[in-house]
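Protein chains in written order, with the working numbering: chain H, 1476 to 1859; chain E, 1476 to 1859. Notes to accompany the following structure.
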């Protein structure tokens, strides 16, 4: 096991009806900016619940944070914060809204050009406090300190992270999943699954608790994920998926183990250039990255094959091939395509994405830094 | 899954050499009281590491917190805090030292008779900040808000809990386990195992993540626990046991599921009256409580039999009997007796402990409140 430091200070309120607890979780004397996305919260009852819980607070709202939140839109919210003196941000949405709000919270107090937080890794020294009402289980952004924001003008999709933007609290009511469209449900399940794999499928360091926790999340997502598309599915199925997604990226399963994140780095570039949803890119890249790295990941793929997929590993090479195939089949089970050609894309993607990776310094990806630009190219060509 | 709120704000620093990080985790302008137990930290190098890390801080020390920390001893430390103006408590020890320090931290600022915190559940309104250097993985006290303190004059062993005494940070260096005596290692493994069982072995609420995390801890403790007695065992074995013990009682696996704690309530009384170590009492009570409650716990015992013990559950009654037997065998594997008679005690224990339970209002224990005083008596008689 590797040395680690770990803490997660986000207060989770999980379950039906928990949105009501907003009233006691946001200080009375703050001026709250409620930030959301395309307006689905006005159709599914979440907006009304938030309004009711904020009764007595001073608050305003900013709508229109898009999927893959853009720097340009976030800066409009930053202007609103500055003009009106908001001092608490409440994100009501999925990972894109939350990521956008993290940037807004930091940019509002940033001394200088806020793009530098993303483009130059400029240090964030303060941020407005942030709370979350989660409407889409997927990214884990509700209880971590990471954010990814895109610049539409330059095709950059870049991350930043600081404990200063970690949400103070997150409300997780699985009932919000009832009205989610299939595409968003699929995105959520795949995103949570791949987050787990990025921290699990590397090389063994005899970290038994972390491995078993990761396997528990993978098993749960594989069992419950395909069920969430049924409108009449039980509350518990939604609850299990929602809690898995949060646990998949709150720092716990990655503490003390090597991590990969190669699939994410390649995927981010595909989204930046071609506009595919984040999870759509992950489902394309992961199986091919597993194939490309099947020797360096050999022991962990076999452990995954045995413990998560229940495969016989007597013939290891067969088991590895089958494990990759079953991973791809799972993505299909949650209505997620796994090929670039499913989106009308071909081999031309490879050169373009490799150029992007090079431009962003991603010339050696993965837990061993073994995925060179040439290997990324091979992964992309095989992904067609 | 049940609704829940969960947060764990304790910053964990895990691994070899992490004691050095004390220097940056304790504010420079505080006056630190280092509190420890019987002095083993002066033989195993921990005391020297702490001294070195505190170089530059203003600090003093209080030695002599005993196993099952006593109100009387803790109050001596409280006097020392008040007389010398200490404003940060650093617990260097296992669960007893940490529990004692939680009480010291609260009692030092308590307005009134501090015993009332334990005896009357008086509200704790403030507490000194507390940090921990863990020397014995067992209780999980290093990252939770619970404390149990005993009154030697009255044979009371009573709990209190408040977020105000949750440690700000905890340093977990598995190397401290190298010099632990067998009895303490056995206590630690059994304590962590039973903590997990108290939150797992109840009735199913379809909380798949919590169940699998609990099973992961049980499996890890069963695999690694028996190995820790070998002085030449690898670092990773100790690390896995230490991390399991912390995760077993930091609130995570118990969030959103029913909990039992009957074994603990009966065990506490045995310790209070007969002085057995905490974990010794748990190993005696749990198997007999499982037998007594095998119908109410039926589904979860079968899940445990299958997923943790790998038993064939085709004949459920046989599987349940074997699961209980194997649990007891595991305790023996970690050098822990499981009978009152192993300590020279007999049936006379039953009446005495039942009286204690009655006196403390523990007339109906467990997740269904189904363990009446008469059932507790039966459990104790069968434990001889």
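C-beta atoms are modelled at their ideal positions from N, C-alpha and C, and glycine is treated no differently.
Ranking E:1658, E:1723 and E:1614 by CA distance to the CA of residue 1690 of chain E puts E:1723 first.
Separation of the CB atoms of residue 1737 of chain E and residue 1855 of chain E is rounded to 12 Å, and the pair is thereby denied contact status at 8 Å. Per DSSP, the beta bridge partners of residue 1839 of chain H are H:1847. In the DSSP assignment, residue 1534 of chain E falls within the unbroken beta strand (DSSP E) covering 1533-1537. By the Cβ-count criterion, residue 1790 of chain H is exposed, with fewer than 16 other Cβ atoms from all chains shown falling within 10 Å of its own Cβ. At least 8 Å separates the beta-carbon of residue 1549 of chain H from that of residue 1585 of chain H. Nearest to residue 1755 of chain E by alpha-carbon distance, out of E:1714, E:1816 and E:1766, is E:1816.
Within chain E, the residues placing a beta-carbon under 8 Å from that of residue 1485 of chain H are 1482, ordered along the chain. Taking residue 1804 of chain E as reference, the option from E:1712, E:1608 and E:1701 with the minimal CA-CA separation is E:1701. If you look at residue 1634 of chain E, you'll find it in the beta strand (DSSP E) that goes 1631-1636.
Sorting E:1540, E:1560, E:1559 and E:1582 by C-alpha distance to the C-alpha of residue 1566 of chain E places E:1540 at the top. Of the residues E:1757, E:1858, E:1496 and E:1696, the one whose Cα lies closest to the Cα of residue 1814 of chain E is E:1858. The alpha carbon of residue 1720 of chain E has as its nearest neighbour, out of E:1502, E:1619, E:1747 and E:1555, the alpha carbon of E:1619. Per the Cβ contact rule, the region 1743-1751 of chain H is not in contact with the region 1651-1664 of chain H (fewer than 3 Cβ pairs under 8 Å).
Rounded to whole angstroms, the separation of the alpha carbons of residue 1481 of chain H and residue 1644 of chain E is 10 Å. Around the C-beta of residue 1659 of chain H, 16 or more other C-beta atoms lie within 10 Å, and the residue is accordingly described as buried.
Non-local beta-carbon contacts of residue 1570 of chain E in its own chain, meaning distances under 6 Å to residues more than five positions away in sequence, involve 1613, 1614 and 1616 in chain order. Of the residues E:1563, E:1545 and E:1572, the one whose Cα lies closest to the Cα of residue 1593 of chain E is E:1545.
Within chain H, no residue has its beta carbon less than 7 Å from that of residue 1775 of chain E; the closest one is some 16 Å off.
Membership of residue 1612 of chain E in any beta strand (DSSP E) is not indicated, and neither H nor E is assigned to it by DSSP. Under a 10 Å Cβ-count criterion, residue 1576 of chain E is classified as buried, with 16 or more other Cβ atoms of the shown protein chains found around its own Cβ. Under the criterion of beta carbons closer than 8 Å, residue 1788 of chain E and residue 1843 of chain E do not qualify as touching, at roughly 22 Å. For residue 1503 of chain H, there is no enclosing alpha helix (DSSP H), as DSSP gives it neither H nor E. Residue 1566 of chain E has E:1510 and E:1607 as its beta-bridge partners, per DSSP. The contact set of residue 1827 of chain E on chain H, defined by CB atoms closer than 7 Å, is empty, because the minimum CB distance reaches about 39 Å.
Selection E:1523, E:1524, E:1518 and E:1561 evaluated against residue 1504 of chain E yields E:1561 as nearest (Cα-Cα). What residue 1763 of chain E touches in chain H, judged by beta-carbon distance under 8 Å, is nothing: the nearest beta carbon there is about 28 Å away.
When DSSP reads this structure, residue 1486 of chain H sits in a beta bridge with H:1644.
One Cα belongs to residue 1765 of chain E, the other to residue 1776 of chain E, and the distance between them is close to 8 Å. By the criterion of at least three beta-carbon pairs nearer than 8 Å, the region 1705-1717 of chain E is in contact with the region 1672-1685 of chain H. When 7 Å is used as the limit between beta carbons, residue 1687 of chain H is near these residues of chain E: 1691, 1694 and 1695, in chain order.
Residues of chain H with a Cβ closer than 8 Å to the Cβ of residue 1684 of chain E are, in chain order, 1691, 1692, 1695, 1715, 1718, 1719 and 1722. For the options H:1825, H:1606 and H:1518, the alpha carbon positioned closest to that of residue 1850 of chain H is the one of H:1825.
Listed along the chain, the chain H residues whose CB falls inside 9 Å of the CB of residue 1476 of chain E are 1489, 1490, 1649, 1710, 1711, 1714, 1715 and 1718. Residue 1622 of chain E: not part of any alpha helix (DSSP H); member of the beta strand (DSSP E) spanning 1621-1626, first to last residue.
Looking at H:1704, H:1726 and H:1636, the one whose alpha-carbon comes closest to that of residue 1716 of chain H is H:1704.
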